[in-house]
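*Asks:* First residue of the sequence shown: 217, per our numbering; consecutive thereafter. For every residue, glycine included, the Cβ atom is placed at its ideal position computed from N, Cα and C.
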Amino acid sequence: MPPAPAGARFALRDATADIHARLHAVPAFQALADGRLDEAGYVALLRRMLGFHMAIEASLAVAPCLAAYGVDLAERRRTGLLQADLRHFQAPEAAPPAPVPLLATAARALGALYVTEGSTLGGRQLAHGLDHLLPPGTMEGRAFLLGHGARHGAMWLACCTAIETCGRETGGLVGMQSGAVETFAAFEAWFG
217 MPPAPAGARF ALRDATADIH ARLHAVPAFQ ALADGRLDEA GYVALLRRML GFHMAIEASL
277 AVAPCLAAYG VDLAERRRTG LLQADLRHFQ APEAAPPAPV PLLATAARAL GALYVTEGST
337 LGGRQLAHGL DHLLPPGTME GRAFLLGHGA RHGAMWLACC TAIETCGRET GGLVGMQSGA
397 VETFAAFEAW FG
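1. Apart from the five residues on each side of it in sequence, which residues of its chain come closer than 7 Å, Cβ to Cβ, to Gly286?
2. Verify whether the separation of the beta carbon atoms of Leu389 and Ala224 is less than 9 Å.
3. To the nearest angstrom, how far is it from the Cα of Pro312 to the Cα of Phe268?
4. Rounded to whole angstroms, what is the Cα-Cα separation between Ala220 and Gly257?
5. Below 6 Å CB to CB, which residues in the same chain sit around Leu266 once its five sequence neighbours on both sides are set aside?
6. So, using beta-carbon positions, are Val331 and Phe226 closer together than 9 Å?
7. Taking only three categories from DSSP, how would you classify Glu356?
8. Tell me where the alpha helix (DSSP H) around Ala467 begins and ends.
9. Just checking my contact of Ile235 with Glu404 at CB under 8 Å: how many whole Å lie between their CB atoms?
10. Can you look up Ala271 in the DSSP assignment and give me helix, strand or coil?
11. If you follow the alpha helix (DSSP H) that Gly339 is in, where does it begin and where does it stop?
12. For Pro218 and Leu337, I'd like the C-alpha separation in whole angstroms.
13. Are there 16 or more other CB atoms within 10 angstroms of the CB of Ala283, so buried, or fewer, so exposed?
14. Which residues bound the alpha helix (DSSP H) around Pro243?
15. Could you give the C-beta distance for Ala244 and Ala300, rounded to a whole number, given that I count them as a contact under 8 Å?
16. Could you pull out every residue in the same chain whose Cβ sits closer than 8 Å to the Cβ of Cys382, ignoring the five residues on either side in sequence?
17. How is Val259 classed by DSSP in three states: helix, strand or coil?
18. Helix, strand or coil for Thr232 per DSSP?
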């Protein structure tokens, strides 16, 4: 089955472009991208990410079910990967939860999912910034950044298909844009 036209996904990208660009300027992400983040800085980043992902995954868990869109949230959870990365560095696996938006509609939940699943695209590139701390090509210590591994492409395609389906529904695109913008804003505030 060919993928659906990408109108809604591009609309989400455009609605979040400014805030997404600002996140590239967060010092910890810049240092990671440049390969100059030390172990203490990386562990601090992992713990901060854990606080955000624990909170957004909890918010998604109580949002309206996304199964009608072909989305299984359980297979998309990444807090366990963050905890495994922290264990690799023998660091505490707990973090305070970030304040995140309430996802009262399926559209808003899909907007939030666009943010979290989209981060797997950049994470795979950022993982190379750890080659000075971890043996290149290994997953240990960078499992979160590597995301869904071999399932990455299929998972992203399924997410995009769900977004396009919702985007064709009345109010779907507006709801997804709100969910995505508010999720990015919560992420930016958490790292600000």
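*Replies:* Looking at the coordinates:
1. Working through the sequence shown from its first residue, we reach residue 286 at position 70. Cβ within range, chain order: Ala374, Thr377 and Ala378.
2. Locating residue 389 in the sequence shown gives position 173, counting from the first residue. Locating residue 224 in the sequence shown gives position 8, counting from the first residue. Their beta carbons are under 9 Å apart, which means Leu389 touches Ala224 by this criterion.
3. Taking the sequence shown and counting its residues from 1, one reaches residue 312 at position 96. Taking the sequence shown and counting its residues from 1, one reaches residue 268 at position 52. Distance between the alpha carbons of Pro312 and Phe268: 8 Å.
4. Indexing the sequence shown from 1 puts residue 220 at position 4. Indexing the sequence shown from 1 puts residue 257 at position 41. Its pLDDT being 43, under 50, Ala220 is placed unreliably in this model, and the coordinates cannot settle the point.
5. Within the sequence shown, numbered from 1, the residue matching residue 266 stands at position 50. Around Leu266: Leu298 and Ala311.
6. Within the sequence shown, residue 331 is the residue found at index 115, counting from 1. Within the sequence shown, residue 226 is the residue found at index 10, counting from 1. No, Cβ-Cβ distance for Val331 and Phe226 is not below 9 Å.
7. As a first step, residue 356 is located in the sequence shown; it is residue number 140 there, counting from the start. Correct three-state label for Glu356: coil.
8. With the chain covering only 217 through 408, there is no way to say anything about residue 467.
9. For the purposes of this step, residue 235 is taken as residue 19 along the sequence shown, with counting starting at 1. For the purposes of this step, residue 404 is taken as residue 188 along the sequence shown, with counting starting at 1. About 6 Å; that satisfies the 8 Å criterion.
10. The sequence position of residue 271 within the sequence shown is 55, counting from 1. Ala271 falls in the helix class under three-state DSSP.
11. Against the sequence shown, residue 339 aligns to sequence position 123. Ala322 to Leu342 is the extent of the alpha helix (DSSP H) around Gly339.
12. Reading the sequence shown from its first residue, position 2 is the one you call residue 218. Reading the sequence shown from its first residue, position 121 is the one you call residue 337. Residue placement at Pro218 cannot be trusted, given a pLDDT of 41 that sits under 50; what the coordinates show is reported in the next sentence. Their backbone Cα atoms lie some 21 Å apart in a straight line.
13. In the sequence shown, residue 283 corresponds to position 67, counting from 1. Exposed, by the Cβ-count rule.
14. Taking the sequence shown and counting its residues from 1, the one referred to as residue 243 is at position 27. Segment Pro243 to Ala249, the alpha helix (DSSP H) holding Pro243.
15. Residue mapping note: residue 244 aligns to position 28 of the sequence shown, counting from 1. Residue mapping note: residue 300 aligns to position 84 of the sequence shown, counting from 1. With 8 Å as the limit, Ala244 and Ala300 do not qualify as a contact, their Cβ atoms being about 20 Å apart.
16. Locating residue 382 in the sequence shown gives position 166, where the first residue counts as 1. Cβ within range, chain order: Ala224, Tyr285, Ala322, Ala323, Leu326, Gly388, Leu389, Gly391 and Met392.
17. Taking the sequence shown and counting its residues from 1, one reaches residue 259 at position 43. Helix.
18. As a working mapping, residue 232 is identified with position 16 in the sequence shown. The answer is helix: DSSP assigns Thr232 an H, G or I state.
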